[in-house]
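**Q**
Residue numbers (the working numbering): 5 to 257.
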C-alpha cells in the first residue's frame, strides 16, 4: 500500500486529490495540510511514502517545506504547480524532490505519478525539465558548474549520467552500451554515491548544471517512446510532461 500526504492551500484541491487517490486499491491518504508548516509537522507524524506538495503556500512555502521533509524523512516529494516553469520547482528538484506535476494534469496522470515516485523513479519529462532549466539559465546567472564533482566519475559513469539525463531508462542505457541492466544499475548507484545524490531527479539537474547536457539542445529522448512501466520521460509524455492522449479525462485543479 502506498501512503500519501497532500499539502495545498486550496481545500478543493486537497479534497479532490484525496478522493481520487483514496479510491485506488493500492493508495491510502494518511493526511493533508493547508500550509507548509503544518505539512512538515504532518509528514513527520504520518511518515508517508509520497508527499504531494504545492509550490506556493502560506506560512511556509512548498520549497522550504519540501526541503525540511527531504532532510528529515525518507518520504518522496512530488511538487504540484500551476506552471511548468517555476523558480521554486527548479529549486525543489535541486533539493531532492522526485519531480513535479501540473495541477491540471488528468486524473490518471496524477495516479500514475504517485505510483512512479513511490517506486523510486523520477517524474521528469526531459523536454519539460530542459525547458525549466533553460528558462532559469536565461533569466538568472548561470548555475555553478560542478565540474569538480563530475571529475570523481569514471568515463563510463559520466556516459551513463549523460544518457540518464537525456531521459533514458536503465534498460535503454544497457541496450545502447551493450551491457546488462544490472551493470547500469551499479553505475547509477555509484554515481549517486560519489555525487551525494538522492535520486535520478538530482542527477538530471546536476548533469544540466555541469554542462554535461545542454538544456538548449534537442535530444532523441524527446521523441515518443513506450515501455511497460509507463515512466514519464521515456515515452510520449516526454513531449509535454503530461498525457494529452485522453482529453476527456477529468481534471482536478
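We put the CB at the ideal spot given by N, CA and C, even for glycine.
#1: Exposed or buried, which one is residue 231 when buried takes at least 16 other CB atoms within 10 Å?
#2: Beta strand (DSSP E) containing residue 56: first to last residue?
#3: So which of 39, 212, 24, 166 has the shortest CA-CA distance to residue 191?
#4: In angstroms with no decimal places, state the Cα-to-Cα distance between residue 258 and residue 185.
#5: Tell me the DSSP secondary structure of residue 110 in three-state form.
#6: Answer with buried or exposed for residue 20, where buried requires no fewer than 16 other C-beta atoms within 10 angstroms of its C-beta.
#7: If you check the beta carbons only, do residue 13 and residue 61 fall under 8 angstroms apart?
#8: Could you give the residue range of the beta strand (DSSP E) that holds residue 187?
#9: Whole angstroms is fine: what's the gap from residue 156's alpha carbon to residue 211's?
#10: Considering only the beta carbon of each residue, do residue 199 and residue 153 sit closer than 8 angstroms?
#11: Identify whether residue 8 lies in helix, strand or coil by the three-state DSSP scheme.
#12: Exposed or buried, what is residue 87 when buried is set at 16 or more other beta-carbons lying within 10 Å of its beta-carbon?
#13: Quick one: Cα of residue 24 to Cα of residue 213, how far?
#14: Between the Cα of residue 37 and those of 31, 47, 29, spot the shortest distance and give me the residue it belongs to.
#15: From residue 207 to residue 18, what distance separates their C-alpha atoms?
#16: Would you mind stating whether residue 6 and residue 31 have Cβ atoms separated by less than 8 angstroms?
#17: Nearer than 7 angstroms: is that true of the beta carbon of residue 84 relative to any heavy atom of the ligand HEM?
#18: Between which two residues does the alpha helix (DSSP H) containing residue 26 stretch?
**A** The relevant details are as follows:
#1: Only weak support is given to the placement of residue 231: the predicted model assigns it a pLDDT of 42, under 50, and the question is left unresolved by the model.
#2: 54-58
#3: 166
#4: Look at the range of the chain in this structure, 5 to 257, and you will see that residue 258 is not part of it.
#5: strand
#6: buried
#7: yes
#8: Unbroken run through residue 187 is the alpha helix (DSSP H), 185-199; no beta strand (DSSP E).
#9: 14 angstroms
#10: yes
#11: strand
#12: exposed
#13: 36 angstroms
#14: 47
#15: 30 angstroms
#16: yes
#17: Because no ligand of any kind appears in the structure shown, any question about the ligand HEM cannot be addressed here.
#18: 15-26
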